[in-house]
């Protein structure tokens with residue numbers, strides 16, 4: 002009888018050791034571009050996710066400026082072409098008679114050159130909100146993917162010119178809100 006109790010106690014400790022070892026070793030393999038590392042690490046800590054840095058090929062979560070890959074699913078941080086076209090339409094409405102050109106794409110933003118009556122203005126169009134990357138990563142990790150449709154980012158957008166917001170656009174509902182009558 003004493004041997005059975007000892008065997009049960011020994012097997013219980015062995016089972017607990019295996020469980021602790023397996024759960025403590027499971028860490029999210031992470032690859033992250035250097036300039037995004039602080040934001041990503043803060044989000045993972047906030048979510049209570051244990052992680053370890055890895056090579057891009059072995060990573061479960063890979064965060065780059067152009068895309069986020071999680072468990073093999075790619076989430077593009079660039080806008081679809083149709084969304085860029087809609088933004089140019091809105092800029093044409095705001096700046097009547099202007100010639101509009103896309104200047105550059107940045108991280109979760111694009112810049113446009115607006116030529117009106119001999120002057121050139123630069124408009125920045127970006128995903129609306131603070132800590133957007135943080136919210137995007139939380140959404141992906143939770144499995145919701147609120148900010149994406151067909152693998153492309155689809156989140157509320159705001160356009161600013163000289164520090165002033167000129168319009169807000171929600172591509173999911175197709176609603177646009179202009180701040181005033183126009184810039185021309």
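In this note's numbering, the protein residues as written are 2 to 185. Glycine is no exception: its CB is placed at the ideal position from the N, C-alpha and C atoms. As the structure is a computational prediction, the values presented were derived from the model and not from experiment.
Rounded to whole angstroms, residue 142 and residue 66 show a C-alpha spacing of 17 Å.
Using a C-beta cut-off of 8 Å, the stretch 102 to 110 makes no contact with the stretch 174 to 182, since fewer than three inter-stretch Cβ pairs fall below that distance. Looking at the backbone, the Cα of residue 152 and that of residue 117 are separated by about 35 Å. Fully contained in the stretch 67 to 146 are the following alpha helix (DSSP H) runs of length 4 or more, in chain order: 82 to 95 and 133 to 143. Secondary-structure assignment with DSSP links residue 156 through no beta bridge to anything.
In the three-state scheme derived from DSSP, where H, G and I count as helix and E and B as strand, residue 28 is classed as coil. Per the coordinates, the alpha-carbon of residue 71 lies some 15 Å from the alpha-carbon of residue 51.
Counting along the chain, residue 165 sits inside no alpha helix (DSSP H); it lies in the beta strand (DSSP E) bounded by residues 165 to 171.
When secondary structure is reduced to three states using DSSP, residue 150 falls in the strand class.
The beta carbon of residue 31 lies closer than 8 Å to those of 41, 45, 52, 53, 54, 55, 60, 61, 62, 63 and 64 in the same chain, with the five residues before and after it left out.
Just so you know, the alpha carbons of residue 144 and residue 137 end up roughly 11 Å apart. In this chain, the beta strand (DSSP E) harbouring residue 62 covers 62 to 64.
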